[in-house]
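Colleague:
Residue numbers (UniProt numbering): 1 to 691.
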């Protein structure tokens, strides 16, 4: 019979930990939280110091019964939920349900699931940290007070089913504000002149920089004409050559935010998927003879530091694989701002010796890709800087100056393993220049003026939104992915070409609450609330005081909104066609993914239709129908015949109206990484990039 019961959140984690602890321990999973506020009511007594009323979560009765039975058969119980606020709260709820003294040494925490980390953790159990519990409880109550007070108001004034959240509402506002910026944007004209030059037979490129020793912007065709008319002949003198050696430092190991951003850039992963895969890698993967092993450290963190043990192991690996010159000299500079809690290490492999190449047989394709990203990032972070030779050359022709820049890698350093991605997707390449010297003469081969227009700010991708939320102090590592998931599930925003666009429903809800609850939508206020929650965790503030300070003003606004918020009638807009099932008029309705068509005779007739866009191409399969643009359940655009299901033609690529000149087959626009190419689906015909 076992002497100890260890309770964790998941079966995978239980399996990994059980392997290290031995026969005296029995490890069981609580399957997450066992208690929570009730779904059907507020569950918070505002007149009694915001006392929460917790109940057993529906479906968790059998789990609790099993844990209670196991608890009676052992000498001692350890609570080993994740090492953060949420995990501490889970442990506290379990202690309450199983009659464990929260002040006893029942809590065990570890940042990685390895044999040594587990053994060390069980040598130093501690009481439940009530500051962490109070911080999580305060967040839960704040969100409940906002959601369960504003949502019924929206039901009453608009329609049932609407809801509002605290952090989520700010995220929606950011997306809507960005959309307004884009719509209000007025492009401005500007020009550039790019020249190709020759030094003997070596060709290089330079761009117009200025005139008569001063930098000059080209804002119109007349500015370009002025430059072109000033040029005399095709000989340019090399006015100056500046050569420098520049060091480039590696990126720090991953935080939750930077992992989500980089996984989006390099692997095309959504934030939710990244965190799901990271959880699996943290909790443990069966890797053959070694059994189940936790491959990465805890994945919810805002710290970039790593342990001394990990540093030493990584340094030894780099020396062995690349040579001593590739190891970093001195300590890595850690830029820690005031928003960083630094409770855990960065996300890193539990051992650099778990080489991704050797794990290929044991990990799924996506698990391996994410693990490789984390592994390479750690290795590179402890490597020497890259050394770049840079060269800046100014060319002169009658006072008209062109500038050429070049660079090449002198010593690759960390770049031998990993280079951080960027949001525009461009890869850095060597830009080599000939060995130019001052006083030399180069020949102009060609000059090409180009007209440009300034572009509006881009819509948020998931990665950009997470980065911006982190910079503004909105949310914390554990909240980014759930926030993005929630605003999409509620139908307030949608992803279009991997970028967020607000739905009409999101616009309506935001407009209704912005006048009456401005603090809910204020970025600075929301960031301050996060700092207040951190202060509770650190034992500096009491959770009741923080909530009371918020609720006093919030309650007043609720009363004003009840009296002054006008009812909004969302009228159904006629769709201009009749229902094919009952003959009644079809109308436009709002759903979680935006507008759709429905029969006005609802609920007697439940006919609905997606709103489709005719692209002006006849169906190549049935020759009768027209090709229309549709959206999948995941909002991805595809193309199909409007006679579906009679005709089942579908295509992810957009068909175009003209036939293939080679075989008369269907031509489609094939999206490549940086362009769109016309291709035939029946033969090898293709055309040059159209973008």
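Just so it is clear, CB atoms sit at the ideal spot from N, CA and C, and this is done for glycine as well.
Since the model is a prediction, treat every value here as computed from it, not as a measurement.
Please report how far the alpha carbon of residue 2 lies from the alpha carbon of residue 352, in whole angstroms.
Modeller: Looking at the two C-alpha atoms, the distance is approximately 34 Å.
Colleague: Starting from residue 207, trace the beta strand (DSSP E) both ways and give me its first and last residue.
Modeller: Counting along the chain, the beta strand (DSSP E) containing residue 207 begins and ends at 202-211.
Colleague: Can you grab the Cα-Cα spacing for the pair residue 216 / residue 209, in whole Å?
Modeller: Their backbone Cα atoms lie some 6 Å apart in a straight line.
Colleague: Hey, how far is the Cα of residue 102 from the Cα of residue 20?
Modeller: Going by the C-alpha atoms only, they are around 25 Å apart.
Colleague: Does the structure place the stretch 144-152 close enough to the stretch 434-442 that three or more beta carbon pairs sit under 8 Å?
Modeller: No, the stretch 434-442 does not touch the stretch 144-152.
Colleague: I'd like the span of the beta strand (DSSP E) that includes residue 239, first residue to last.
Modeller: That run of the beta strand (DSSP E) goes 235-248.
Colleague: With a threshold of 16 other CB atoms inside 10 Å of the CB of residue 663, please say whether the residue is buried or exposed.
Modeller: Answer is exposed; the Cβ neighbour count stays below 16.
Colleague: In the stretch 85-171, which residue ranges form an unbroken alpha helix (DSSP H) of at least 4 residues, counting only runs that do not cross its ends?
Modeller: Runs found: 85-97, 115-123, 130-157.
Colleague: Who are the Cβ neighbours of residue 292 in its own chain at under 7 Å, not counting the five residues just before and after it?
Modeller: Around residue 292: 15, 16, 19, 284, 285, 286.
Colleague: Using CA atoms only, rank isn't needed, just tell me which of 608, 580, 558 is closest to residue 588.
Modeller: It is 608 whose Cα lies nearest to the Cα of residue 588.
Colleague: Counting C-beta neighbours from all protein chains within 10 Å, is the total for residue 186 16 or more, i.e. buried, or is it exposed?
Modeller: Exposed, by the Cβ-count rule.
Colleague: Going along the chain, which residues of its own chain have a beta-carbon closer than 7 Å to the beta-carbon of residue 178, five neighbours each way excluded?
Modeller: These residues qualify, in order along the chain: 457, 459, 460.
Colleague: Return the chain-ordered list of same chain residues with a C-beta closer than 7 Å to the C-beta of residue 541, the five sequence neighbours on each side being excluded.
Modeller: Excluding sequence neighbours, residue 541 sits near 532, 535.
Colleague: If we ignore side chains and look at the alpha-carbon of each, how far apart do residue 54 and residue 554 end up?
Modeller: So the alpha carbons of these two residues sit roughly 23 Å apart.
Colleague: What is the DSSP secondary structure of residue 393, reduced to helix, strand or coil?
Modeller: Looking at residue 393 - three-state DSSP - the assignment turns out to be strand.
Colleague: Taking 8 Å as the limit between beta carbons, can you name the residues of its chain near residue 632, skipping five residues before and five after?
Modeller: Same-chain partners within the cutoff: 638.
Colleague: State the Cα-Cα distance for the pair residue 419 and residue 250, rounded to the nearest angstrom.
Modeller: Cα-Cα distance, rounded: 8 Å.
Colleague: Buried or exposed for residue 84, going by 16 or more other Cβ atoms inside 10 Å?
Modeller: Classification of residue 84: buried, given that the 10 Å Cβ count is 16 or more.
Colleague: How many angstroms separate the CA atom of residue 611 from the CA atom of residue 650?
Modeller: About 17 Å.
Colleague: What is the DSSP secondary structure of residue 617, reduced to helix, strand or coil?
Modeller: In the structure shown, residue 617 sits in a strand (DSSP, three-state: E or B).
Colleague: Between the C-alpha atoms of residue 80 and residue 254, what's the straight-line distance to the nearest angstrom?
Modeller: Near 24 Å, if we compare the C-alpha coordinates of residue 254 and residue 80.
Colleague: CA-CA distance, residue 524 and residue 242?
Modeller: Going by the C-alpha atoms only, they are around 45 Å apart.
Colleague: So residue 199 and residue 440 are supposed to be a Cβ contact under 8 Å. How far apart are they, rounded?
Modeller: With 8 Å as the limit, residue 199 and residue 440 qualify as a contact, their Cβ atoms being about 7 Å apart.
Colleague: Which of helix, strand or coil does DSSP assign to residue 626?
Modeller: It is a strand residue.
Colleague: In the DSSP assignment, find the unbroken beta strand (DSSP E) run with residue 406 in it and report its ends.
Modeller: Per DSSP, residue 406 belongs to the beta strand (DSSP E) from 400-411.
Colleague: Find out if the Cβ-Cβ distance for the pair residue 136, residue 70 is shorter than 7 Å.
Modeller: No, the pair does not count as a contact, with Cβ atoms beyond the cut-off.
Colleague: Which whole-angstrom value describes the C-beta separation of residue 547 and residue 50, a residue pair presumed to lie in contact below a C-beta threshold of 8 Å?
Modeller: That belief holds up - the Cβ atoms of residue 547 and residue 50 are roughly 5 Å apart, short of 8 Å.
Colleague: Looking at the structure shown, is residue 367 part of a helix, part of a strand, or coil, going by DSSP?
Modeller: Residue 367: helix per DSSP, three-state reduction.
Colleague: Where does residue 441 sit, in a helix, a strand or coil, going by DSSP?
Modeller: Residue 441: strand per DSSP, three-state reduction.
Colleague: Report the three-state DSSP secondary structure of residue 183 (helix, strand or coil).
Modeller: Helix at residue 183.
Colleague: Find out if the Cβ-Cβ distance for the pair residue 271, residue 279 is shorter than 7 Å.
Modeller: In this structure, residue 279 does not lie closer than 7 Å to residue 271 by Cβ.
Colleague: Classify residue 432 as buried or exposed, calling it buried when 16 or more other Cβ atoms lie within 10 Å of its own Cβ.
Modeller: Counting Cβ neighbours within 10 Å, residue 432 comes out exposed, since fewer than 16 surround it.
Colleague: Is it right to say residue 59 is buried, meaning 16 or more other beta carbons lie within 10 angstroms of its own, or is it exposed?
Modeller: Result: exposed.
Colleague: Comparing alpha-carbon positions, which option in 568, 578, 623 lies nearest residue 155?
Modeller: The option with the nearest alpha carbon to residue 155 is 568.
Colleague: Does the beta-carbon of residue 375 have 16 or more other beta-carbons within 10 angstroms, so that it is buried, or is it exposed?
Modeller: Buried, because 16 or more other Cβ atoms sit within 10 Å of the Cβ of residue 375.
Colleague: For residue 13 and residue 98, I'd like the C-alpha separation in whole angstroms.
Modeller: For residue 13 and residue 98, the distance between alpha carbons rounds to 21 Å.
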